[in-house]
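Numbering (the working numbering), first residue to last: 14 to 314. The C-beta atom is built at its ideal place from N, Cα and C for all residues, glycine as well. Because the structure is a prediction, the values reported are computed rather than measured. These notes are about the structure you will find just below.
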């Protein structure tokens with residue numbers, strides 16, 4: 014169950030211990046089932062021979078920082094990691110970029126690791142996708158596992174467009190379109206969209222820290238579906254290198270609905286996009302184009 018943002022904030026004020034970890038001692042983590050653990054600050058050692066890379070390192074956004082400041086901090090980090098990936102990773106290494114700005118960090122990685130196929134570089138929008146499913150399940154009073162095929166289009170930012178128009182939910186009367194079950198156009202276009210867009214900020218306000226565990230869970234979901242495949246008839250949202258589908262400009266990493274099979278993702282084609290959705294999708298694409306221009310300003314030769 015996903016708590017409404019307003020309730021999340023009230024809980025934080027009433028019972029801060031519920032939402033904030035007050036422990037000062039280091040947390041001990043036991044890793045099981047792994048081939049081994051290597052702790053290193055050497056990028057060459059970290060990337061040597063890796064088949065799957067989940068990149069969570071980056072410079073976080075701090076109070077008062079503009080988007081351009083954040084990009085300026087992260088471009089050299091991802092330029093350096095791209096070089097290490099290019100030189101040391103396995104030839105078919107699959108990469109998930111988690112650190113923000115995730116879409117543009119992925120683009121920098123792609124530009125400076127040309128030996129890595131563009132289809133092997135993705136960025137995380139599964140957290141937003143999971144939040145969209147959670148909001149729908151809460152609205153309908155069904156289990157989140159009974160909701161599928163929501164879409165998050167665009168950037169992992171406040172311009173993303175959570176889209177429920179193609180989603181379905183299982184009920185006691187069978188699987189039905191979410192649009193039909195909700196029967197509230199205003200909620201679908203306004204509250205649903207804004208709550209998902211602003212969820213990260215609401216969590217930070219309530220907990221005074223980011224939703225790191227939710228992001229970790231989403232990263233696991235992303236990699237599992239990418240490697241093992243999505244269930245038949247189900248798609249998920251992934252930030253991938255645009256091929257021009259749905260009129261989205263090429264040359265940016267953009268969140269699309271995708272299906273996965275045998276370690277490969279494919280953008281779902283043929284979905285209806287109305288004028289409202291188109292305007293939202295274009296807004297996010299324009300932001301990503303601006304981020305791309307900013308990133309190139311800070312690239313070191």
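Take residue 141 as the anchor and find which of 203, 250 and 75 has the nearest alpha-carbon.
Walking along the chain shown from the start, residue 141 turns up at place 128. Selection 203, 250 and 75 evaluated against residue 141 yields 250 as nearest (Cα-Cα).
On the DSSP letters alone, give me the boundaries of the beta strand (DSSP E) that residue 269 sits inside.
Here residue 269 corresponds to residue number 256 of the chain shown, with the count starting at 1. It spans 266-274 - the beta strand (DSSP E) in which residue 269 sits, taken as one unbroken run.
Does DSSP classify residue 307 as helix, strand or coil?
Here residue 307 is taken as the residue at index 294 of the chain shown, counted from 1. Looking at residue 307 - three-state DSSP - the assignment turns out to be helix.
Taking 8 Å as the threshold, find out whether the region 155-174 comes into contact with the region 104-117 through three or more Cβ pairs.
yes
So, helix, strand or coil for residue 166, using DSSP?
Here residue 166 refers to the residue found at position 153 when the chain shown is read from its first residue. Residue state, collapsed to three classes: strand.
CA-to-CA distance, residue 207 to residue 35, given in whole angstroms
Numbered from its first residue, the chain shown carries residue 35 at position 22. Numbered from its first residue, the chain shown carries residue 207 at position 194. In this predicted model, residue 35 has a pLDDT of only 43, less than 50, meaning its place in the structure is not dependable; the value taken from the coordinates is given anyway. Distance between the alpha carbons of residue 35 and residue 207 is about 30 Å.
My understanding is that residue 297 touches residue 174, with C-beta atoms under 8 Å, so please give their C-beta distance in whole angstroms.
For the purposes of this step, residue 297 is taken as the residue at position 284 of the chain shown. For the purposes of this step, residue 174 is taken as the residue at position 161 of the chain shown. About 6 Å separates the two Cβ atoms, so the contact holds.
Mind listing, in chain order, the continuous alpha helix (DSSP H) runs of no fewer than 4 residues lying wholly within the region 100-165?
115-125 and 139-153
Can you tell me the Cα-Cα spacing of residue 310 and residue 138, whole angstroms?
Translated into the one-based positions of the chain shown, residue 310 becomes position 297. Translated into the one-based positions of the chain shown, residue 138 becomes position 125. Approximately 25 Å between the Cα atoms of the pair.
Using 9 Å as the threshold, is the C-beta distance between residue 86 and residue 71 below it?
Residue 86 sits at position 73 when you count from the first residue of the chain shown. Residue 71 sits at position 58 when you count from the first residue of the chain shown. The answer is yes: Cβ separation under 9 Å.
Please state whether the Cβ-Cβ distance between residue 258 and residue 269 is less than 9 Å.
In the chain shown, counting from the first residue as 1, residue 258 sits at position 245. In the chain shown, counting from the first residue as 1, residue 269 sits at position 256. Yes, the pair counts as a contact, with Cβ atoms nearer than the cut-off.
Using the rule of at least 16 other Cβ atoms within 10 Å of the residue's Cβ for burial, across every protein chain shown, is residue 161 buried or exposed?
The residue labelled residue 161 in the question sits at position 148 within the chain shown. Buried, because 16 or more other Cβ atoms sit within 10 Å of the Cβ of residue 161.
Exposed or buried, residue 233, counting other C-beta atoms within 10 Å across all chains shown (16 or more means buried)?
Here the question's residue 233 lines up with position 220 in the chain shown. Residue 233 comes out exposed.
Whole-Å CB distance - residue 290 paired with residue 121, under 8 Å assumed
Position 277 of the chain shown, counted from the start, is the residue given in the question as residue 290. Position 108 of the chain shown, counted from the start, is the residue given in the question as residue 121. Going by Cβ atoms, the distance from residue 290 to residue 121 rounds to 28 Å, so no, they are not a contact pair.
Is it the case that the Cβ atoms of residue 1 and residue 146 are separated by a distance below 9 Å?
Look at the range of the chain in this structure, 14 to 314, and you will see that residue 1 is not part of it.
Output the distance between the C-alpha atoms of residue 333 and residue 166, rounded to the nearest integer angstrom.
Since the first residue of the chain shown is 14 and the last is 314, residue 333 is not available in this structure.
In chain order, what residues of the same chain lie with their CB nearer than 7 Å to the CB of residue 131, ignoring the 5 residues before and after it?
The count along the chain shown starts at 1 and reaches residue 131 at position 118. Closer than 7 Å at the Cβ level, and outside the excluded window around residue 131, lie 123 and 254.
Other residues of its chain near residue 189: CB distance less than 7 Å, five sequence neighbours each side excluded:
By one-based count along the chain shown, residue 189 stands at place 176. Counting only residues of its own chain and dropping the five nearest sequence neighbours on each side, residue 189 has a CB closer than 7 Å to the CB of 181 and 182.
Would you mind working out which of 136, 75 and 128 sits nearest residue 278, comparing C-alpha positions?
Taking the first residue of the chain shown as position 1, residue 278 is located at position 265. Among 136, 75 and 128, the Cα nearest to that of residue 278 belongs to 136.
Can you name the start and end residues of the beta strand (DSSP E) that residue 75 belongs to?
Counting from one through the chain shown, the residue named residue 75 turns up at place 62. Element bounds for residue 75: n/a, residue is neither H nor E.
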